[in-house]
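Protein chains in written order, with our numbering: chain A, 229 to 466; chain B, 916 to 1151.
The beta carbon of each residue, even a glycine, is placed where N, CA and C say it ideally should be.
Have a look at the structure below, then the notes.
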Amino acid sequence: MEGAMQLANNPVLWIFSLLIIGVVVFQGITFIRLASRASESVGMSHSEVKTAIKVGTINAIGPSLGIMIVAVSLITLLGDPLTLMRIGIIGSAATESMGATIAASAFGTELGASDFGRHAFVTVVWVLCLGGSGWLLFTVLFTKSLGRMEKKVSDKSRRRGFSVMTIVSTAAMLAVFANFASGEVLKGYNTALAVAISAMTMVIVSFTASRKKHLSWLNEWSLGLSILAALSVSYYTL
Amino acid sequence: MAISESSLKAKQLEASVVLGMEQFHRKSHFWGRLTISIVLVLTISLPLYLSFVLGFHPGWQPIMAGFAAYAAMVGYAWVMEPISYYPTLGVSGTYQAFLTGNISNMCLPSAAAAQNAIGAVPGTKKGEVTAALAIGAASLMNMSILMVIILAGSHLISIIPASIQEVFPYIVPAIFGGILAQFAVKKPVYGAVALAVGLTVNLMPIVAFLKGVVCILMTVAICIWVEKRKHSGAAI
């Protein structure tokens, strides 16, 4: 375990990890820049651009805090730099801890066990890095084809008179979250309660915001408020 | 420092040229592919370095055994997730979300909330640009919080009382419920269809990794059918 932790905090790991985080930050800035340059051509005002950025920022806080606990438990097992690099790019904290557990057992040991040595640690690094590359490779190779497919669908629908792409996008989004929410509802009483309270709060906030013009700022905070309401109720009922 | 400098430069550039949607996509493909390729090279170089430069190679057998088990669990997602999230994320959103991760719990909710706040419809050009902005901002925020967690680490956790930490696992279900309701308020029919399909699919003995796809396909098909009926009804 000690040997593994020494290797896990090796400066080279820090360099790789910080380089990767650097690329993610660079990408974020690049896309914000590109999107704000494109905003005018799709009829977005300057204040709408600002709102979009602000809402994105606000709504990352809740999930990031949720990641925190898993991240901290990963740090004690895998060290700082590997945790930073794995959670910083594709792969949620949950997937990564599952992958690390699988890799350790493939080497014949357990995470955090006294015989979890340098070689076991390197096995974990291999499995997590190869495993995460699947998404990256697919995205690099096939996003362009997905774009061409979308263009065909939207060209066809223009002739038909209504936008199929808008229906598909909205319905797909609802389907994704209906599937996740249903899974949580069926998981147990506590998660079902969190889903229900959050959904109810969202409905109330959305109605209030649309009723009065001067309350439309509530839309920016609606998800945050819903999460807070759900957590408060969970806190008192647990 | 680096961040503030480049954002300053970004502001100067932003004022100079306006991009059309076509150019926006072309540039998104270029920068998206470039950044992800760099990360791919970096992620594979790290284990190679540990194995062959530092000399701690564990042998290919445990690596392959571990990788096979991992791939069996999430391998479907390598293909299914980019395809099924594409209609909502768009070109630029896909490149961003699949690099920064936390797609269902952070990227999609942030994009949806931003589209809702400024009234942009998903699947339209405005919707896509809004999603790109929101996901970029969310990703930067996520990185900042992550850095703080890594630096302050366990100390930070020890300050938060255990009773409050206990409710953290409910953040994710709350996100799912909230976003579902946000869209359902706007499109009640779609919402009802999606929820009915979601519950049915989750109650049926379907393999876990197919649930998401089945849900999307069924919901989209039913919603298109509903729209078509409405449309042809109006034409008559």
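- Terminal residues of the continuous alpha helix (DSSP H) containing B/P1037? No alpha helix (DSSP H) contains B/P1037, which DSSP labels as neither H nor E.
- Do we get a CB-CB distance below 8 Å when we pair A/W363 with the residues of chain B? yes
- Helix, strand or coil at A/H347 according to DSSP, with G and I counted as helix: helix
- Message: Relative to the C-alpha of A/A409, which candidate in B/K1101, B/G1113, B/G981 has its C-alpha closest?
- Response: B/G1113
- Query: Just reading off the alpha helix (DSSP H) that B/G1113 is part of, what are its end residues?
  - Reply: 1103-1118
- Query: Tell me which same chain residues have a C-beta within less than 6 Å of the C-beta of B/E1043, skipping the five on either side of it?
  - Reply: G1005
- Could you check what DSSP says for B/L1014 in three-state terms: helix, strand or coil? helix
- Task: Would you kindly report the start and end of the unbroken alpha helix (DSSP H) that includes A/P239?
- Result: 239-267
- Answer yes or no: do B/T1015 and B/I1033 have a C-beta to C-beta separation smaller than 8 Å? no
- Within-8 Å CB hit, A/D383 to chain B: no
- Task: Just the C-alpha distance for A/F435 and B/A1107, rounded to the nearest angstrom, thanks.
- Result: 18 Å
- Query: What is the DSSP secondary structure of A/A341, counted as helix, strand or coil?
  - Reply: coil
- Residue range of the alpha helix (DSSP H) that A/G411 falls in? 392-415
- Is there contact here, the segment 959-966 of chain B with the segment 230-250 of chain A, by at least three beta-carbon pairs under 8 Å? yes
- Comparing the C-beta of B/F967 with each C-beta of chain A, is any distance below 8 Å? no
- Going along the chain, which residues of the segment 248-269 of chain A sit with their C-beta nearer than 7 Å to a C-beta in chain B? I248, I249, V251, V252, V253, F254, Q255, G256, I257, T258, F259, I260, R261, L262, A263, S264, R265, A266, S267, E268, S269
- Taking just the CA atoms, how far does A/S444 sit from B/L955? 42 Å
- Message: For A/P291, would you say it is in contact with chain B, using Cβ-to-Cβ distances shorter than 8 Å as the test?
- Response: yes
- Task: Kindly indicate the opening and closing residues of the alpha helix (DSSP H) around B/P962.
- Result: 936-963
- Thinking A/F335 and A/T323 are a contact (beta carbons under 8 Å), I'd like their distance in whole angstroms, please. Going by Cβ atoms, the distance from A/F335 to A/T323 rounds to 19 Å, so no, they are not a contact pair.
- Message: Going by DSSP in three states, A/L466 sits in which element: helix, strand or coil?
- Response: coil
- Query: By a C-beta neighbour count over all protein chains shown, 10 Å radius and 16 as the cutoff for buried, is B/H1146 buried or exposed?
  - Reply: exposed
- Task: Would you kindly check if the distance between the Cβ of A/S462 and the Cβ of A/T429 is under 8 Å?
- Result: no
- What's the gap between the Cα of A/S397 and the Cα of B/Q938? 22 Å
- Relative to chain B, which residues along the segment 410-424 of chain A have a C-beta separation below 9 Å, given in chain order? S410, G411, E412, V413, L414, K415, N418, T419, A420, L421, A422, V423, A424
- Query: Quick one, are the C-beta atoms of B/S943 and B/Y1010 less than 8 Å apart?
  - Reply: yes
- Among residues of its own chain, excluding the 5 on either side of B/V1104, which ones have a beta-carbon nearer than 8 Å to its beta-carbon? C1138, V1141
- Query: Rounded to a whole number of angstroms, what is the C-alpha to C-alpha distance between B/F1091 and B/L969?
  - Reply: 44 Å
- Proximity winner among A/A422, A/V252, A/S450, A/L235, relative to B/V1082 (alpha-carbon distances): A/A422
- Where the alpha helix (DSSP H) containing A/M272 begins and where it ends: Neither: A/M272 is in no alpha helix (DSSP H) and is coded neither H nor E.
- Rounded straight-line distance, which links the Cα of B/P1024 to that of A/T285: 11 Å
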